[in-house]
Amino acid sequence: MTTSTPCPSMPSLAGLLPGVAPPAADPGMREAAERRLRDWVRRYDLTPGTDEWLHLTLGADTAACWPTADMDIVDVAAQLYFTFIAVGEVVEDVADGEGFARFVQLLMSLTTVLEEPERVPDGRGFDAALADVLRRSAVIFSSRHQEDLLTSVRSLLSLWHWAAHQRVTRTWPGVDDYLTARRHLCLMWLTRTLAEPLCSVTITPGSRHYDDFLRLKKAATRVMVIHHDLASFAKEQRAVGGVPFSLPGVLMHAHGCDLPSALDRARRMFADAAARTVDVLGPLLESPNSMMRRYADDSALWLVMTDTWYTSMAAERYVDPVQ
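Residue numbers for the sequence shown follow the numbering used here, so the first one is 516 and each next one is one higher.
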């Protein structure tokens, strides 16, 4: 008999933030956002061709997280999420020098989009899709938001190269290096960067509240990295037939421990990081600065919504079939 068991157990983020409830999103708005995303994905032929991808309703989920945002910005965010999740699946398949070379070529084509967008031909594929999104974001984002987005994408592309190299050489990074890289690789930093235009928030370097803003962004993305790696561990272990390139494996090699001990360490890290994030977040929810308060409110909501993502929205992606 085959049953389904969820990912490794972890504390609920929602339980750490009582009173934070997901916003009400109009079902019609969610459905329309999902239709627009799927039409766009088909136009650029980005669907990997597996049923699994049909379970990721990224257009609807983005609209649900930010129901009051400009729908043009929601569409840009959802399209970036889909594109980079799909590219992330490609890097997970890199296993040898030949695969590494192909992936580096893909990264080069995406880098060309950033540096010389006029050289990217119209057509299908990741480079054409990214060029389309960035052309539209340049029009609807403020110059500050566009600059931050491009910086986030550049970091992501460079760290994908690093991750592919780690996989091919079968080397394990240190824990701190891994967590720093992973906040980009699992799109947490990109998500919180996109939250700024989605919430109409601009907090610039040198401004009075920027240090608090950056501290919250780093704390929230760190706890979400650990959350992601625990949630996705069973799926990735199943895919590789062993210990995947994720936090539990990094902890195994850093501490010379077995897998159960590494998972326990990861759960404790999650609990500690979640508590620290709540400590940073709490005072900012009462900030006298309206933009800082709005960003803190959105951060709290995002943390709570992530519980829903792993247990409901994307549950079929993060469930481990046990014989």
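For each residue, glycine too, the CB sits at the ideal point set by N, CA and C.
Just so we're clear, the structure is a prediction, and the values are computed from it rather than from any experiment.
Have a look at Leu-796, Pro-798 and Val-765 and flag the residue whose alpha-carbon is nearest the alpha-carbon of Met-784. Val-765
Can you check whether the CB of Phe-618 is closer than 7 Å to the CB of Ala-679? yes
Between Trp-677 and His-768, how many whole angstroms is the CB-CB distance? I'm expecting something under 8 Å. In fact, because the Cβ distance is near 17 Å, the residues do not count as touching under 8 Å.
Could you tell me whether the Cβ atoms of Leu-664 and Thr-626 are closer together than 7 Å? no
Is the distance from the Cβ of Leu-645 to the Cβ of Leu-731 below 7 Å? no
Enumerate in chain order the residues of its own chain whose CB-to-CB distance from Ala-777 is below 6 Å, with the five nearest sequence positions on each side excluded. Pro-763, Leu-766 and Met-767
Closest by CA to His-743, which one among Met-586, Ala-735 and Cys-701? Cys-701
From this set, Thr-577, Leu-649, Asp-813 and Trp-675, which residue's C-alpha is nearest Ser-715's C-alpha? Asp-813
Presumed contact (8 Å Cβ cut-off) between Met-807 and Phe-728, rounded CB distance: 6 Å
Report the rounded CA-to-CA distance for Ser-519 versus Cys-772, giving the unit in angstroms. Unreliable placement is indicated for Ser-519, whose pLDDT of 41 sits below 50; no coordinate value is reported for it.
Which runs of the alpha helix (DSSP H) spanning at least 4 residues fall entirely within the region 677 to 738, listed in chain order? 690 to 700 and 703 to 713
Proximity of Glu-604 and Gly-574 at Cβ, strictly below 7 Å: no
For Thr-577, which three-state DSSP category applies? helix
Just checking my contact of Val-683 with Asp-611 at CB under 8 Å: how many whole Å lie between their CB atoms? 6 Å
Collapsed DSSP secondary structure at Arg-639 in the structure displayed: coil
Which value, in whole angstroms, describes the spacing of the CA atoms of Arg-650 and Leu-774? 45 Å
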